[in-house]
Amino acid sequence: MDEFRWDFSVVFEYQANLYRGLGVTFELSIIIILASMVGGIIIGAGRYSKNRLFNWPATAYIELFRNTPVLIQIVWFYYAFPVLIGIQMEGFYAALIGIGLNMIAYSADIVRGGIQSIEKGQWEAAKAIGMNYFSVMRRVILPQALRRMIPPFTSRTVEAVKATSLASTIAVAELLYEGQVLANTVYRPFELYTAIAVLYFFATYPLVLFSYWLERRLAIDSEMRL
Amino acid sequence: MSEIILKVESLHKYFGDHHVLRGIDMEVRRGQTVCMIGSSGSGKSTFLRCINFMEIPSAGRLTIHGQVVGQETGELEGAPVYDYRENELVRVRTKVGMVFQQFNLFPHMKVQQNVMEGLVTVLKMDKEEAVSRARANLDKVGLLVKADQYPSRLSGGEQQRVAIARALAMEPNVILFDEVTSSLDPETVGEVLLSMRDLSNESMTMIVVTHELGFAYHVADEVLFLYEGLIHERGSPDEVLKNPQAERTKGFLAGFTDFYF
């Protein structure tokens, strides 16, 4: 029986394909992360609101997207949604909408949780010096809540980057898809999947490092733990 | 006699079915220090929190500086019920300061910023003026040296004095003190009480909910004993604390004399 020999030369030979895929992965990830920040704050504020007009739709949205698999959301936006609105949808956009809406739902819940974690006394102290709701939020609650949102938001961000790999199922030419195509062409799946894993690691780990830096940077006081 | 700053008539407060305040009448004149005593659950804190609308009264009329707060809409237990608009309450709160049991300083702001915050954000004062007023008030409570520290670096007593400076800086008509020494280490209670006595001597108008009967005795112009949501006995410190007439008051005070030395 022949012994298996690792041969990473194919990886280097076809590295341009992998980088092209990585570029699409980055594109999807960046748009999704930005959307989830903006969308998360808006939907999160709705979720936090006591007004039913805002609270109910926000809650329904969050629970719908949190409790269904993101893979199904991608596939649904690729196949079903175009039928519903009567236009063709490129895989890239279907993946963007599917993963993006999912990520916004999680971010919204992180925003709500962050705001809710601030002690009631902070609200009272701010109100007691005559601040209105908006000022209390802007000056007292959010600056403290945002710090607490960084760790969970970082985890979700890393999840989102990895979730973009699901776009390969609808033939979006992101990193995993490019790797799969190569693997089927050159018959070196072990080496290629290993290389892909390494590339994903180098795509996400800087995010984690950045969040550590940000947490330290925003720490109220160097000796005070968040 | 000086003018009436705050007048409370038939104040009622329900939490669900629980009738916490059952018709309280009182008034405070400019420069007076009124101390409220009573056991836990007697409604002292709730009463205080109704005055600056941290809690919305279920019924009763509040008159601050001659102006009735809110729009009368009905009646409950023979007391008028009012409807309050949020901007009106925000305005009232700039005139009625409050110091809390848990200090509640803003942990992400340095001490000086804590004291300036309301001046800049609420009163729209320009920054230089706000800084100098904040520093003057920090000086008053003896904490100007801590202006550039974060609250977490201060002792409980110091944090509470900053909270007092924060309330003072707004130059309110009256300041409410809600058991402000109850969560302090015993050794820092004194410094906070001294700051409060100084304020009282400078004719700040104050309503003080407290378990520090010694403070009430020496500083208060009037002492109110609350029992089950009603003012059970009121009078000068000598009358209420030394010669209480009501059985409930005597019973409450007896709890303090067991360990008198």
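Top line first, the protein sequences correspond to chains A and B. Take any residue in the first sequence, note its place counting from 1, add 38, and you have its number in this note's numbering. Take any residue in the second sequence, note its place counting from 1, add 2, and you have its number in this note's numbering. Yeah, the Cβ is synthetic: ideal placement off N, Cα and C, and Gly gets one too.
- According to the DSSP assignment, V62(A) belongs to the alpha helix (DSSP H) that extends over Q53 to Y86.
- In the three-state DSSP reduction, T75(B) falls in the strand class (E or B).
- Fewer than three beta-carbon pairs drawn from the segment 6 to 25 of chain B and the segment 182 to 198 of chain B are found closer than 8 Å, and the two stretches are therefore not classed as touching.
- The Cβ atoms of V182(B) and L50(B) do not sit closer than 7 Å to each other.
- Of the residues I153(A), S87(A) and Y57(A), the one whose Cα lies closest to the Cα of Q182(A) is I153(A).
- Going by C-alpha positions, A167(B) is about 52 Å away from G136(A).
- Within the segment 173 to 205 of chain A, those residues whose Cβ lies closer than 7 Å to any Cβ of chain B are, in chain order, S173, R177, V178, P181 and Q182.
- Take F55(B), set aside five residues on each side of it, and the residues of its chain with a beta-carbon closer than 6 Å to its own are L91, in chain order.
- With respect to the 7 Å criterion, M187(A) and I156(A) are not classified as neighbours on the basis of their beta carbons.
- If one requires a minimum length of 3 residues, no beta strand (DSSP E) run lies completely within the segment 159 to 237 of chain A.
- The beta carbon of G217(A) sits closer than 6 Å to those of L230 and I234, all from its chain and outside the five residues before and after it, given in chain order.
- When rounded, the separation of the alpha-carbon atoms in E29(B) and L232(B) is 14 Å.
- At least one beta carbon of chain B lies nearer than 7 Å to the beta carbon of G168(A).
- Between S145(A) and G78(A), the C-beta spacing is below 7 Å.
- According to the DSSP secondary-structure assignment, A61(B) is paired through a beta bridge with H14(B).
- Among the residues facing chain B, E162(A) is included, as its CB has a counterpart in that chain under 7 Å away.
- Restricting attention to L213(A), M75(A), T223(A) and R226(A), the CA atom closest to the CA of L139(A) is found in M75(A).
- With fewer than 16 other CB atoms across the displayed protein chains lying within 10 angstroms of its CB, Q247(B) is exposed.
- Chain order gives the chain A residues near M56(B) as E162, K165 and A166, where near means a beta carbon separation below 9 Å.
- Interface flag for G159(A) against chain B is set, since a Cβ pair is found closer than 7 Å.
- In this structure, DSSP gives T190(B) a helical state, which the three-state scheme calls helix.
- Here the alpha carbon of V101(B) sits roughly 12 Å from the alpha carbon of S184(B).
- Non-local beta-carbon contacts of A149(B) in its own chain, meaning distances under 6 Å to residues more than five positions away in sequence, involve V113, Q114 and L140 in chain order.
- With its beta carbon at least 7 Å from every one in chain A, F49(B) lies outside the interface.
- Shown here for L237(A): same chain residues with a beta carbon closer than 7 Å to its own, the five before and five after excluded, namely L56, L60 and L213 in chain order.
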